[in-house]
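As structure tokens, the structure follows; a few thoughts come after it.
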Amino acid sequence: MTEGSILPKIIKFTLPVMLAGILQLLYNAADMIVVGKFAEPGSLGSVGATSALINLIVNLFVGLSVGACVSVARYYGKGDDEGVSRTSNTAVVIALIGGVILGIFGFFMCRPLLQLMGTPADVIDRATLYMKIYFIGLPGNMLYNFGSAVMRGCGDTRRPLRYLASAGIVNVALNLIFVIVFHLGVAGVAVATITAQAISAALVLRFLFRSDSASRISLKTLRIDKNELKLIAGIGLPSGVQGSVFSISNVLIQSSVNSFGSIVMDGNTAAQNIEGFVYISMNSVSQAALTFVSQNYGVKNYDRIKRAVGLSCILAGVVGLILGFAAFGFSDSLISLYSNLEAPNPQVAYYAKIRLSMIATTYLTCGIMDVLSNCVRGIGHSTVSMIVSLLGACAFRVLWIYTVFAADHTLQTLYISYPASWIITDFAHLTCFILLFKRLKKRRPAEVETPVRS
692 MTEGSILPKI
702 IKFTLPVMLA
712 GILQLLYNAA
722 DMIVVGKFAE
732 PGSLGSVGAT
742 SALINLIVNL
752 FVGLSVGACV
762 SVARYYGKGD
772 DEGVSRTSNT
782 AVVIALIGGV
792 ILGIFGFFMC
802 RPLLQLMGTP
812 ADVIDRATLY
822 MKIYFIGLPG
832 NMLYNFGSAV
842 MRGCGDTRRP
852 LRYLASAGIV
862 NVALNLIFVI
872 VFHLGVAGVA
882 VATITAQAIS
892 AALVLRFLFR
902 SDSASRISLK
912 TLRIDKNELK
922 LIAGIGLPSG
932 VQGSVFSISN
942 VLIQSSVNSF
952 GSIVMDGNTA
962 AQNIEGFVYI
972 SMNSVSQAAL
982 TFVSQNYGVK
992 NYDRIKRAVG
1002 LSCILAGVVG
1012 LILGFAAFGF
1022 SDSLISLYSN
1032 LEAPNPQVAY
1042 YAKIRLSMIA
1052 TTYLTCGIMD
1062 VLSNCVRGIG
1072 HSTVSMIVSL
1082 LGACAFRVLW
1092 IYTVFAADHT
1102 LQTLYISYPA
1112 SWIITDFAHL
1122 TCFILLFKRL
1132 KKRRPAEVET
1142 PVRS
């Protein structure tokens, strides 16, 4: 990534990450479709009601995996194999410890937190059951996230894709067996999910243990290196805090959706799953931008960073524009996939289309926001990225809920807070990047280091 044509390399990196994300969403969509069609009415909303809360709990450690990816990318760009090895081993230990701690916390705290969110009585029992099972399998989720982050930092996006594909096939098969054959409902979906996560984690760990590259781990070297932990935390904690606080605003929005009842919750969940395919495609571009900028930052190739940022923003915007309008244009067919076969409810589709019309069609602004945020993070200003995102998106949404939405209690008013916050944050991130990049170039040495890796 430190030499050669920029756009082809960004696309080459993006496509496997995008396919992996889409595969993961397909498996999640399979969860929703199976539970929406074959479980009792309200089950779809039960599973959907948990997503914002789960993200709130786990996003801090997911942010640390971003720190691991950036750290590995910098060492890899400079050709520092020892640094890659230390970071890889540290990242795996963090994942295991974090997965266990968060799993225990989530298992025991899920019901009280769902109650705080105002989850309806006809939904909360199934939502609690789903979350308890999900958190039992959280260590596997964390190990896959950190392990694949290490691999992406070295430029390897294909193996995580293959591992995810293998685990996802198992997930879909178990969904059908547990829900349709054994009638386990949301519990069956949850068991299928954690089984698939365990398989993907096992495949990633097998590669890292057997690898002959710098990212190799072993039982003898598996330990937390204090210096690498500081580096990972310095980059990743702001990202994790940003994700967690983002989730707080999303929890408030989900709580607001809950106030409209279980039918609206079902429609909101269906729309969220459809939007997820648009988001993950744009976010894959931002992941490519993060690794690209980080590797070139490691070798002080600043002109290349500038070109990569512009191309990444354009690519994310085009992807978001095309897929966002496609999601809305084909919404009737897509939403019907989530309808209960025995008791289809046209109101579910109606409420899902309200959300899609206001969010999917403006999603490109979210993709550009993620690219700019990761580029600021990639040039060493993760805290700035966090502060801008928290003020521009999270604080704005919270303020919106307690002022504008409180005065006009409608779904349209609630949903418009998303595009409004993305546009504000886009301009703030762009301004920060321009100012920070100018400072960076002023400190540029007379001779730029020769890139070691391509």
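Under the working numbering, the first residue of the sequence shown is numbered 692, with each subsequent residue one higher. Glycine included, every Cβ here is placed at the ideal spot set by N, Cα and C.
Query	Result
Cα-Cα separation between isoleucine 702 and leucine 852, rounded to whole angstroms	15 Å
C-alpha distance - valine 861 paired with leucine 899, whole-angstrom precision	22 Å
Other residues of its chain near valine 1139: CB distance less than 7 Å, five sequence neighbours each side excluded	In this predicted model, valine 1139 has a pLDDT of only 38, less than 50, meaning its place in the structure is not dependable enough to derive any value.
Sufficient close CB pairs (3 or more, under 8 Å) joining the region 1068-1081 to the region 926-933	yes
Endpoints, the alpha helix (DSSP H) within which histidine 1120 is located	1108-1133
Of the residues Gln986, Ala1111, Ser1022, the one placed nearest asparagine 1065, counting alpha carbons only	Gln986
Meets three-Cβ-pair contact criterion under 8 Å: the region 749-769 and the region 910-930	yes
DSSP state of phenylalanine 704 mapped onto helix, strand, coil	helix
Chain-order list of residues whose beta-carbon lies under 7 Å from that of arginine 850 (same chain, five-residue window excluded)	Met842, Phe898
DSSP-derived helix/strand/coil call for alanine 1034	Bear in mind that a pLDDT of 46 at alanine 1034, under 50, signals an unreliable position, so the model cannot answer this.
DSSP three-state assignment for proline 699, whether helix, strand or coil	helix
Whole-angstrom C-beta distance between isoleucine 885 and isoleucine 792, which should lie under 8 Å	17 Å between Cβ atoms; not a contact.
Three-state secondary structure assigned by DSSP to glutamate 919	helix
Close beta carbons around serine 779, own chain, < 6 Å, minus the five adjacent residues each side	Val841, Ser906, Ile908
Cβ-based burial, threonine 819 [other Cβ within 10 Å; buried from 16]	buried
Residue from Gly739, Val775, Gly790 with nearest C-alpha to leucine 805	Gly739
Three-state secondary structure (DSSP) of cysteine 845	coil
C-beta atoms of glycine 790 and leucine 834 nearer than 8 Å	yes
Per-residue burial, leucine 1126 [other beta carbons within 10 Å of its own, 16 or more giving buried]	exposed
DSSP state of isoleucine 1070 mapped onto helix, strand, coil	coil
Cα-Cα separation between glutamine 945 and serine 902, rounded to whole angstroms	43 Å
For serine 906, three-class secondary structure by DSSP	coil
Interface flag, glycine 712 vs chain D, CB-CB below 8 Å	This model lacks chain D altogether, as it is built from one protein chain only.
Best match in Val1039, Ser977, Gly967 for proximity to serine 1015 [C-alpha to C-alpha]	This sequence places glycine at residue 1015; serine is not what is there. Considering only alpha carbons, the answer is Gly967.
Nonlocal neighbours in the same chain, by C-beta distance under 8 Å from methionine 1049, ignoring five residues either side	Gln1103, Tyr1106, Ile1107, Tyr1109, Pro1110
Proline 811, DSSP secondary structure in three states	coil
Pairwise C-alpha distance: glycine 838 and isoleucine 697	26 Å
Status (buried if at least 16 other CB within 10 Å, exposed otherwise) for glycine 695	exposed
Alanine 721 vs valine 863 beta-carbon contact at 8 Å	yes
Backbone secondary structure at threonine 1101 - three-state DSSP	coil
Span separating the alpha-carbon of histidine 1100 from that of arginine 802	26 Å
Alpha-carbon to alpha-carbon, threonine 1052 and glutamate 773	46 Å
Beta carbon of leucine 981 nearer than 8 Å to that of leucine 1063	no
Residue burial classification, lysine 1129 (beta-carbon count within 10 angstroms, cutoff 16)	exposed
Residues near serine 737 by beta carbon distance below 6 Å, same chain, minus five either side	Val814, Arg817, Ala818, Val877
Beta-carbon proximity of valine 783 to leucine 910, cut-off 8 Å	no
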